[in-house]
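A.B. asks: Residue 14 in the UniProt record's numbering sits at position 14 of the sequence shown; the count goes up by one each step and never skips.
Even for Gly, the Cβ is constructed at its ideal location relative to N, Cα and C.
A single structure is presented below for examination.
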Amino acid sequence: MNQYLYLRGHPTCSSSTPSAALWDRDFMEAPNTKPLGVLSKAVLFLFLYLPEHISARYYVVISAGMLAVACTTLQDDDDRNFPSSEYLTAWNQTLRCIQAYFHYANETSCMIDMGDSKGDKVFLIREEEEPTLDGLHEICRILGPPEGKGLHWAPIQKTRRVLDLGSGTGQWIKEFVQFYDVEKIVGLDLESPRSADLPPNSSFVKGDLESPWPLEEKFDFVHARFLAGCLEKWPQFFQQCYNTLEPGGWFEIVDILITPYSDDNTLSPHSNTVVWNKLLSEISESAGRPMAITSEYANLATAAGFRNVKEVISGVPGKPWGGEGIDRRLGALSEDVHRTVSERLGLDYLVTTAGMDEKEVRGKLEGVLEELGDERIHTKWPFYAVFAQKPLDA
Numbered sequence: 001m002n003q004y005l006y007l008r009g010h011p012t013c014s015s016s017t018p019s020a021a022l023w024d025r026d027f028m029e030a031p032n033t034k035p036l037g038v039l040s041k042a043v044l045f046l047f048l049y050l051p052e053h054i055s056a057r058y059y060v061v062i063s064a065g066m067l068a069v070a071c072t073t074l075q076d077d078d079d080r081n082f083p084s085s086e087y088l089t090a091w092n093q094t095l096r097c098i099q100a101y102f103h104y105a106n107e108t109s110c111m112i113d114m115g116d117s118k119g120d121k122v123f124l125i126r127e128e129e130e131p132t133l134d135g136l137h138e139i140c141r142i143l144g145p146p147e148g149k150g151l152h153w154a155p156i157q158k159t160r161r162v163l164d165l166g167s168g169t170g171q172w173i174k175e176f177v178q179f180y181d182v183e184k185i186v187g188l189d190l191e192s193p194r195s196a197d198l199p200p201n202s203s204f205v206k207g208d209l210e211s212p213w214p215l216e217e218k219f220d221f222v223h224a225r226f227l228a229g230c231l232e233k234w235p236q237f238f239q240q241c242y243n244t245l246e247p248g249g250w251f252e253i254v255d256i257l258i259t260p261y262s263d264d265n266t267l268s269p270h271s272n273t274v275v276w277n278k279l280l281s282e283i284s285e286s287a288g289r290p291m292a293i294t295s296e297y298a299n300l301a302t303a304a305g306f307r308n309v310k311e312v313i314s315g316v317p318g319k320p321w322g323g324e325g326i327d328r329r330l331g332a333l334s335e336d337v338h339r340t341v342s343e344r345l346g347l348d349y350l351v352t353t354a355g356m357d358e359k360e361v362r363g364k365l366e367g368v369l370e371e372l373g374d375e376r377i378h379t380k381w382p383f384y385a386v387f388a389q390k391p392l393d394a
């Protein structure tokens, strides 16, 4: 897999640290009176303002070319040999800094700024959490209807151009093109998937789902999953989905509702799990990014102008507490997902965004995780698949 340069993922960066300031800080001790010293700064400065995902091999090629030009064109006014040790020191400082960036990108995740709000970073993908997204994908494959290959619920007919919103690891795209004749499939997300084995007819556009999408063409199928709690402007999002479709095209969104329940009343309304998720729901609502929006998807689709709106609701077991085969597999996947998500939301969302005391949050989280492992409590989670069609005469 290629290494990539994740400049905004460097630990010295934050949403309040401009890239130019980072550049100045990293190079304040570099020789800035020599042409190559200035050139070496310019190389990094250039890449700080390019898109974050830049293949290392391209950087090496461009840097080597610039070094060659510098060595043949930049001469000291005196007759010293060129390049001098000071020039090489300046260049080496540049390369050491780039190497540090590569190492950091390899060891950690890429945190891309979504804005100035503290809550905007909560749902960004960390590399160690990619298995969680793959677990959610497998849950969808199990619950999805056979006629949709477990990849969609909408009765799609045309798949020439497909748009996947919030692509995550890109797993859905990789599998979708195996079953359908797709001319072009586009993923739109804040960061591109790290996977190196993406299909050749796929492309990825970096963009905010709540801003105007940098897409010119129309699509036959628009697909989205697990966006609850991520967006503020939900009516605008559904309207953009509508506008991006060809007449007769289908839109589908899949999500889990943050309202656990049990069929046999083993999950008390006063349990840690219920209280915890109610707290998350209330805080996310007050923050403007409601996690309990899932149950409103069908209404939002209707309001945006869609027709043939359908809503399919399933119950996903919270752990493998009963049944056989598929039910136990669903439960195992669900338990893994909710352990990861509960911990991240607790520490990142409740502490960082809501400002709650970390010790208090960890105490509540411990109770939630204990209940997740208690097979006497038969928790279920509502799983929603909502799909709708843009009218043929639109």
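When the Cα atoms are used, what is the spatial distance from Phe251 to Lys359?
C.D. replies: As a working note, residue 251 is residue 251 in the sequence shown. As a working note, residue 359 is residue 359 in the sequence shown. Going by the C-alpha atoms only, they are around 43 Å apart.
A.B. asks: Since Lys380 sits in a beta bridge, which residues does DSSP pair it with?
C.D. replies: Position 380 of the sequence shown holds residue 380. Bridge partners of Lys380: Tyr261 and Pro317.
A.B. asks: Where does Leu188 sit, in a helix, a strand or coil, going by DSSP?
C.D. replies: Taking the sequence shown and counting its residues from 1, the one referred to as residue 188 is at position 188. Looking at Leu188 - three-state DSSP - the assignment turns out to be strand.
A.B. asks: Identify the residues that DSSP records as bridge partners of Asp255: which are they?
C.D. replies: Start at 1 with the first residue of the sequence shown, and residue 255 comes out as number 255. DSSP links Asp255 through a beta bridge to Tyr384.
A.B. asks: Rounded to whole angstroms, what is the Cα-Cα separation between Asp181 and Ser195?
C.D. replies: Taking the first residue of the sequence shown as position 1, residue 181 is located at position 181. Taking the first residue of the sequence shown as position 1, residue 195 is located at position 195. Asp181 and Ser195: Cα-Cα distance of roughly 22 Å.
A.B. asks: How would you label Asp189, buried or exposed, when you count the other beta carbons within 10 angstroms and need 16 or more for buried?
C.D. replies: In the sequence shown, counting from the first residue as 1, residue 189 sits at position 189. The residue in question, Asp189, is buried, as its Cβ has 16 or more Cβ neighbours within 10 Å.
A.B. asks: Pick helix, strand or coil for Ser202, following the three-state DSSP scheme.
C.D. replies: Counting from 1 along the sequence shown, the entry for residue 202 is found at position 202. DSSP places Ser202 in the strand class (E or B) of the three-state scheme.
A.B. asks: Kindly indicate which residue of Leu372, Phe221, Leu257 and Ile139 has the alpha-carbon position closest to the one of Lys390.
C.D. replies: Against the sequence shown, residue 390 aligns to sequence position 390. Distances from the alpha-carbon of Lys390 to those of Leu372, Phe221, Leu257 and Ile139 put Phe221 closest.
A.B. asks: What residues are listed by DSSP as bridge partners for Gly311?
C.D. replies: On the sequence shown, position 311 is the one that residue 311 refers to. Looking at the sequence provided, one finds Glu at residue 311 rather than Gly. Answer by DSSP bridge pairing, in chain order: Val386.
A.B. asks: Once DSSP output is grouped into helix, strand and coil, what is the label at Trp153?
C.D. replies: Within the sequence shown, residue 153 is the residue found at index 153, counting from 1. In the structure shown, Trp153 sits in coil (DSSP, three-state: anything other than H, G, I, E or B).
A.B. asks: In the DSSP assignment, find the unbroken beta strand (DSSP E) run with Arg161 in it and report its ends.
C.D. replies: For this step, residue 161 is matched to residue 161 along the sequence shown. In the DSSP assignment, Arg161 falls within the beta strand (DSSP E) that extends over Arg161 to Leu165.
A.B. asks: Rounding to the nearest angstrom, what Cα-Cα distance links Asp164 and Ile185 in this structure?
C.D. replies: Taking the sequence shown and counting its residues from 1, one reaches residue 164 at position 164. Taking the sequence shown and counting its residues from 1, one reaches residue 185 at position 185. Taking C-alpha positions only, Asp164 is separated from Ile185 by approximately 8 Å.
A.B. asks: Let me know the secondary structure DSSP gives Leu372 once reduced to three states.
C.D. replies: As a working mapping, residue 372 is identified with position 372 in the sequence shown. Helix at Leu372.
A.B. asks: Express the C-alpha separation of Phe179 and Pro146 in angstroms, rounding to a whole number.
C.D. replies: Indexing the sequence shown from 1 puts residue 146 at position 146. Indexing the sequence shown from 1 puts residue 179 at position 179. For Pro146 and Phe179, the distance between alpha carbons rounds to 12 Å.
A.B. asks: According to DSSP, is Phe238 helix, strand or coil?
C.D. replies: As a first step, residue 238 must be located in the sequence shown, where it is residue number 238. In the structure shown, Phe238 sits in a helix (DSSP, three-state: H, G or I).
A.B. asks: Please state whether DSSP places Gly305 in a helix, a strand or coil.
C.D. replies: Your numbering for residue 305 matches position 305 in the sequence shown. Of the three classes helix, strand and coil, the one that applies to Gly305 here is coil, per DSSP.
A.B. asks: For Gln240, count neighbouring C-beta atoms within 10 Å of its own C-beta (all shown protein chains included) and say buried if the count is 16 or more, exposed if not.
C.D. replies: Within the sequence shown, the letter at position 240 stands for residue 240. Label assigned to Gln240: buried.
A.B. asks: Assign Thr294 to one of two classes, buried (16 or more other C-beta atoms within 10 Å of its C-beta) or exposed (fewer than that).
C.D. replies: To locate residue 294, count along the sequence shown from 1; it is residue 294. Thr294 is buried by the Cβ-count criterion.
A.B. asks: Among residues of its own chain, excluding the 5 on either side of Val274, which ones have a beta-carbon nearer than 8 Å to its beta-carbon?
C.D. replies: Your numbering for residue 274 matches position 274 in the sequence shown. Pro260, Leu267 and Ser268, listed in sequence order.
A.B. asks: Between Gly315 and Lys380, how many whole angstroms is the CB-CB distance? I'm expecting something under 8 Å.
C.D. replies: Position 315 of the sequence shown, counted from the first residue, corresponds to residue 315. Position 380 of the sequence shown, counted from the first residue, corresponds to residue 380. So it is a contact: roughly 4 Å between Cβ atoms.
A.B. asks: With distances taken Cα to Cα, identify the nearest neighbour of Arg376 among Trp213, Asp393 and Ser262.
C.D. replies: Translated into the one-based positions of the sequence shown, residue 376 becomes position 376. If we check each option's Cα against that of Arg376, Ser262 comes out closest.
A.B. asks: Quick check on this structure: which residue in Lys158, Leu133, Ile139 and Val386 has the alpha carbon closest to the alpha carbon of Ala298?
C.D. replies: Along the sequence shown, one-based indexing puts residue 298 at 298. Taking only the C-alpha atoms, the option nearest Ala298 is Val386.
A.B. asks: For Pro212, does the three-state DSSP call read helix, strand or coil?
C.D. replies: To locate residue 212, count along the sequence shown from 1; it is residue 212. Coil, per DSSP.
A.B. asks: Quick check on the DSSP output: the alpha helix (DSSP H) that includes His338 runs from which residue to which?
C.D. replies: For the purposes of this step, residue 338 is identified with residue 338 of the sequence shown, where counting begins at 1. For His338, the enclosing alpha helix (DSSP H) stretches over residues Ile326 to Arg344.
A.B. asks: Assign Pro391 to one of three DSSP states: helix, strand, or coil.
C.D. replies: Residue 391 sits at position 391 when you count from the first residue of the sequence shown. DSSP places Pro391 in coil when its eight states are reduced to three.
A.B. asks: Determine which residues share a DSSP beta bridge with Val222 and list them.
C.D. replies: Counting from one through the sequence shown, the residue named residue 222 turns up at place 222. According to DSSP, which records beta bridges pairwise, Val222 is partnered with Leu163 and Phe251.
A.B. asks: Once the 5 residues before and after Phe176 are set aside, which same chain residues still bring their CB inside 6 Å of it?
C.D. replies: Stepping through the sequence shown from its first residue, residue 176 is reached at position 176. Around Phe176: Leu151.
A.B. asks: Using a C-beta cutoff of 7 Å, does Arg141 count as contacting chain D?
C.D. replies: You won't find chain D in this structure, because it holds only one protein chain.
A.B. asks: When you compare the segment 229-243 with the segment 303-315, are there three or more beta-carbon pairs, one atom per stretch, that lie closer than 8 Å?
C.D. replies: yes
A.B. asks: Run the CB neighbour count on Arg161, radius 10 Å, all protein chains shown included, and call it buried at 16 or more, exposed below.
C.D. replies: Position 161 of the sequence shown, counted from the first residue, corresponds to residue 161. Arg161 is buried by the Cβ-count criterion.
A.B. asks: Which of the three DSSP states, helix, strand or coil, is assigned to Leu267?
C.D. replies: Residue numbering aside, residue 267 sits at position 267 when the sequence shown is read from its first letter. The answer is coil: DSSP assigns Leu267 none of H, G, I, E or B.
A.B. asks: So, Phe219 versus Leu245, is the Cβ gap smaller than 7 Å?
C.D. replies: Residue 219 sits at position 219 when you count from the first residue of the sequence shown. Residue 245 sits at position 245 when you count from the first residue of the sequence shown. Going by C-beta atoms, Phe219 is nearer than 7 Å to Leu245.
A.B. asks: So residue 395 and Leu350 are supposed to be a Cβ contact under 8 Å. How far apart are they, rounded?
C.D. replies: Only positions 1 to 394 of the chain appear in this structure, which leaves residue 395 out of reach.
A.B. asks: Taking the alpha-carbon of Val341 as reference, which of Ala354, Gly229, Gly166 and Arg307 has the nearest alpha-carbon?
C.D. replies: Working through the sequence shown from its first residue, we reach residue 341 at position 341. Closest option to Val341, Cα to Cα, is Gly229.
A.B. asks: Apart from the five residues just before and just after Ser202, which ones in its own chain have a Cβ nearer than 6 Å to its Cβ?
C.D. replies: Position 202 of the sequence shown, counted from the first residue, corresponds to residue 202. Cβ within range, chain order: Ile173 and Ile185.
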